[in-house]
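Q: Residue numbers (the UniProt record's numbering), protein chains in the order written: chain A, 1 to 416; chain B, 1 to 416.
Okay, handing you the structure first.
There are 2 protein chains.
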Amino acid sequence: MRQLLEIAEDARRAKYTVAKLGTNDKNRALLAIADALEARADEIIAANAADIENGRAAGLNDGLIDRLMLDKKRIAGIAEGCRQVAALPDPVGEVLWMRKRPNGLNIGQKRVPMGVIGIIYEARPNVTVDAAALCFKAGSACILRGGKEAFRSSMCLTKIMREALASCGLPENAINLVEDTSRETATQMMKLNGYLDVLIPRGGAGLIRSVVMNATVPVIETGTGNCHIYVDASADLEMAKNILVNAKCQRPSVCNAAESLLVHRDVAAKFLPMAAEGLAGDHVTIHGCARTTEILGDAILPATDEDYGREYLGYEISCKVVDSLDEAIDHINRFNTGHSECIVTRDYDASQRFLEEVDAAAVYVNASTRFTDGFEFGFGAEIGISTQKLHARGPMGLNALTTTKYIIYGNGQVRS
Amino acid sequence: MRQLLEIAEDARRAKYTVAKLGTNDKNRALLAIADALEARADEIIAANAADIENGRAAGLNDGLIDRLMLDKKRIAGIAEGCRQVAALPDPVGEVLWMRKRPNGLNIGQKRVPMGVIGIIYEARPNVTVDAAALCFKAGSACILRGGKEAFRSSMCLTKIMREALASCGLPENAINLVEDTSRETATQMMKLNGYLDVLIPRGGAGLIRSVVMNATVPVIETGTGNCHIYVDASADLEMAKNILVNAKCQRPSVCNAAESLLVHRDVAAKFLPMAAEGLAGDHVTIHGCARTTEILGDAILPATDEDYGREYLGYEISCKVVDSLDEAIDHINRFNTGHSECIVTRDYDASQRFLEEVDAAAVYVNASTRFTDGFEFGFGAEIGISTQKLHARGPMGLNALTTTKYIIYGNGQVRS
């Protein structure tokens, strides 16, 4: 077993080689990885079967087992993901600007690889390949630490990726999996200053919080989304209903799903029954304020501040009638997690104020919050959705996995 | 005395108002602050005198006392700094890009204020105003925590700034100074998750390390610079000498000053005596490798790995003769702090490889590392120099104090 520090040293050495690779070499390696994953599907399925057997024995629920499970079709999907990453434009090398200063220095800002990227995630073997491919395309080495329930699967996938790199004459240490799945090693990884240039947690709120609280290396906080739909007094109520039902029910387990409905009092009596009818199709439980209950009756559960702060990730929603746009904005800025927020309105000023004053990564007028996604935004890929304000905010594509350096061309300038 | 959590709540409330301010309102307030600082110079000087008296009693050295000291001229300089910040373009509101997606959504990325910015710094009262002005212009509230030796001065400056804001009808809680100067409160500030959007330490290596190791809020690591001048085999040796002497001696106490000289073996016998002669003008002590000593003789102290890793911040330099460009790049990537690095060369390939392969915020060909500075780079201001790769790398101007949000204009789109 490679110890974490050994892995960190290996990755640090490999990063210089990876950073220098041309686009063609990186793409060739990604395609070789994709082919190897498909060719060796039986090997992956065997390793995965052991994980699943252990998982069942440990009492994992069906949802978790499903997330863990790999079959030929899913492996083909993972391989296809690698091919898609190969097809994306290379972010490395772009000069964002270059200017000539009065003293004759030409100063430019160039996009360059990050170096070594750490990813901590849960028991989803597909993330192992997905994250490795994105980091590699962005010119960085990676250190992956997946959930221990998927360890055999992830180890097998990593072995295949590393062998594919080696078969292309590239350093296998560009892609590394933490082999010791203890919690202590995860904590040690969060403190790998001098080795890790960034650490990105992907997963549930508990995992993300643990990384944010323990890490001493730079972190990009991702994920939790307490997203609101605010139905303004002037809203097209049919549109509002469609957006609400889509944002809540189309895939309720994801972070860009709506968790809370705010309705202007002027349209509450008309809209809330429409909303309830729309949500009833998926048996959504409504936690409403007193005015909601007045309108919808006793089928509504009472909403507390705790409800307004909750990310249900299921068929539940909190609901509040507000007196004004101001109250809606204040409520959102108090309870949201800085992810995605939507106003449904026909009023120009309301739309402008909402866009301006709501503090979130993505602010929508008249569209479902479900669009907050790297693919939907046109980035071609997504490593996660940042809910912090540093470095990257919102869906993160390949650019978010790079940094910049200043390049300065002089001819003998000294400072006076 | 306002407690830290009280200040944090106040700042969080104020941030929404500050974020909405128009450019004219912000500039008017900055000019009012500048005027008030000059008008109340006597008050500031009196507070400062108490700090200086305490400082002398506590045995602060002359350098620290000088950094602490304020007089009419320095106060005028600080006020002028505010006027310069007022004159800078407002970074807030710029839409970096907007694209129409196939589904008709118009998605744009807009530059918006950070929210609440924390700055931890040492006993330099000028930083109190400088940092507050930059954060304010960038549309954010700030919480400042300065060195306790300058507390009375900083408190007086903060009081004047807050009263100037109030006189303009703006929330004084946009600018806050931590009033409890204990170490415990500083540590508590580093963990103000949910209040602070970013924390920037400005100061020496010890302060920065303490923030990086203790903070749970996002941090931008600034500062330490172990900067190298590499004199290539093909270098114009006169130019190399000028650049070396400027980078080492023009202001040796700052982070962009050179700390280490690397010389290609082919020019070592010719260049090292030129370098030694140039550095002798400022009595620079040279810590050299064995080959350096062979050429320069016994006046040279032997260099250890510790020397190669040191930021002397004074009239000392480490020196190594290298066999190749590769060795120079490897040495720099091993020992540097990711700040500023320079090659002096006439060789095209060497210049390209150095720019590409050296891992640092600013990489120079044929110019002094002393140019790594927000003003020299044309940003008009500087809050610090980032040596990390996340969010901002290199000199940070107003843009580095902002974040972005995605704004999405739809007309009823839902996800299928």
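From the three backbone atoms N, C-alpha and C, an ideal C-beta is built for every residue, glycine too.
Can you list, in chain order, the residues of its chain whose CB lies under 6 Å from that of S368 (chain A), leaving out five sequence neighbours each side?
A: I243, N246, A247
Q: In the segment 357-382 of chain A, which residues sit with their C-beta less than 8 Å from some C-beta in chain B, listed in chain order?
A: For the segment 357-382 of chain A, which is checked against every Cβ of chain B, the residues closer than 8 Å are E357, D359, A360, A361, A362, V363, Y364, V365, N366, A367, S368, R370, F371, T372, E376, F377, G378.
Q: Report the residue from A:E179, A:M98, A:L170, A:G93 whose alpha carbon sits nearest the alpha carbon of R145 (chain A).
A: A:E179
Q: Which residues mark the beginning and the end of the beta strand (DSSP E) in which N24 (chain B) is found?
A: From DSSP, N24 (chain B) is part of no beta strand (DSSP E) but of the alpha helix (DSSP H) over 23-39.
Q: In chain A, which residues lie with their C-beta within 9 Å of the C-beta of H339 (chain B)?
A: Here the premise fails: no neighbours, minimum Cβ distance about 11 Å.
Q: Would you identify the three-state DSSP class for T337 (chain A), choosing helix, strand or coil?
A: coil
Q: Does any residue of chain B have a CB that is nearer than 9 Å to the CB of L105 (chain A)?
A: yes
Q: Expressed to the nearest angstrom, what Euclidean distance is found between the alpha-carbon atoms of C342 (chain A) and Y230 (chain A)?
A: 6 Å
Q: Taking a Cβ distance cut-off of 7 Å, strictly less, list which residues of the segment 90-105 of chain A are near chain B, in chain order.
A: The segment 90-105 of chain A vs chain B, Cβ under 7 Å: R99, R101, L105.
Q: Classify G194 (chain A): buried if its beta carbon has 16 or more other beta carbons within 10 angstroms, exposed otherwise.
A: exposed
Q: Below 7 Å CB to CB, which residues in the same chain sit around R99 (chain B) once its five sequence neighbours on both sides are set aside?
A: When the five nearest sequence neighbours on each side are left out, the beta carbons in the same chain lying within less than 7 Å of the beta carbon of R99 (chain B) are those of I107, in order along the chain.
Q: Measuring CA to CA, which of A:N214, A:L196, A:A205, A:L165 is closest to T187 (chain A)?
A: Cα-wise, what sits closest to T187 (chain A) is A:N214.
Q: Counting along the chain, where does the alpha helix (DSSP H) carrying P273 (chain B) start and finish?
A: 265-280
Q: So which residues of chain A does D197 (chain B) contact, with C-beta pairs closer than 7 Å?
A: K389
Q: At least one CB of chain B closer than 9 Å to the CB of N336 (chain A): is that the case?
A: no
Q: Is the beta carbon of A132 (chain B) sitting closer than 9 Å to the one on Y121 (chain B)?
A: no
Q: Apply the 10 Å Cβ neighbour rule to H283 (chain B) and answer buried if 16 or more other Cβ atoms are within range, or exposed otherwise.
A: exposed
Q: Less than 8 Å between the CB atoms is what I'm expecting for I175 (chain B) and M155 (chain B), so what's the real figure, rounded?
A: Incorrect: roughly 12 Å between the Cβ atoms, too far for contact.
Q: Does the count of Cβ pairs from the segment 325-341 of chain B and the segment 352-366 of chain B closer than 8 Å reach three?
A: yes
Q: Could you check how far apart the C-beta atoms of V190 (chain B) and L199 (chain B) are, in whole angstroms? I think they sit under 8 Å.
A: In the sequence under discussion, the amino acid at residue 190 (chain B) is Met, which differs from the Val named in the question. Between L199 (chain B) and M190 (chain B) the Cβ distance is about 6 Å, and since that is below 8 Å, they are a contact.
Q: If you measure between the beta carbons of L401 (chain A) and L88 (chain A), is that distance less than 9 Å?
A: no
Q: Roughly how many whole angstroms lie between the Cα atoms of I286 (chain B) and D10 (chain A)?
A: 34 Å
Q: Please name the residue, chosen from B:I75, B:A240, B:A258, B:A29, that lies closest to F271 (chain B) on a Cα-to-Cα basis.
A: B:A240
Q: I'd like to know whether the C-beta of T404 (chain A) is nearer than 9 Å to at least one C-beta of chain B.
A: yes
Q: Three-state secondary structure (DSSP) at V217 (chain A)?
A: DSSP places V217 (chain A) in coil when its eight states are reduced to three.
Q: If the criterion is Cβ atoms closer than 9 Å, does the pair V129 (chain A) and I78 (chain A) meet it?
A: yes
Q: Is the separation between the beta-carbon of I220 (chain A) and that of M396 (chain A) shorter than 9 Å?
A: yes
Q: Taking L21 (chain B) as the query, report the chain A residues whose CB atoms sit under 8 Å from its CB, ordered along the chain.
A: Under the 8 Å cutoff, chain A gives no residues; its nearest Cβ is about 12 Å from L21 (chain B).
Q: Using a Cβ-Cβ cut-off of less than 9 Å, give me the residues of the segment 257-290 of chain A that come near chain B, in sequence order.
A: none
Q: From this set, B:A290, B:Y16, B:K389, B:A150, which residue's C-alpha is nearest T181 (chain B)'s C-alpha?
A: Closest option to T181 (chain B), Cα to Cα, is B:A150.
Q: Would Q84 (chain B) count as contacting chain A if we go by Cβ distances under 9 Å?
A: no
Q: Along the chain, where does the beta strand (DSSP E) that runs through C319 (chain B) open and close?
A: Per DSSP, the unbroken beta strand (DSSP E) holding C319 (chain B) starts and ends at 316-322.
Q: How should Q413 (chain A) be labelled, buried or exposed, when 16 other C-beta atoms within 10 angstroms of its C-beta is the threshold for buried?
A: By the 10 Å Cβ count, Q413 (chain A) comes out buried.
Q: Near D307 (chain B), which residues of its chain fall below 6 Å by C-beta distance, leaving aside the five closest residues on each side in sequence?
A: H287, S318
Q: Spell out whether any CB of chain A is found under 9 Å from the CB atom of Q3 (chain B).
A: no
Q: Does the beta carbon of M190 (chain A) come closer than 9 Å to any beta carbon on chain B?
A: no
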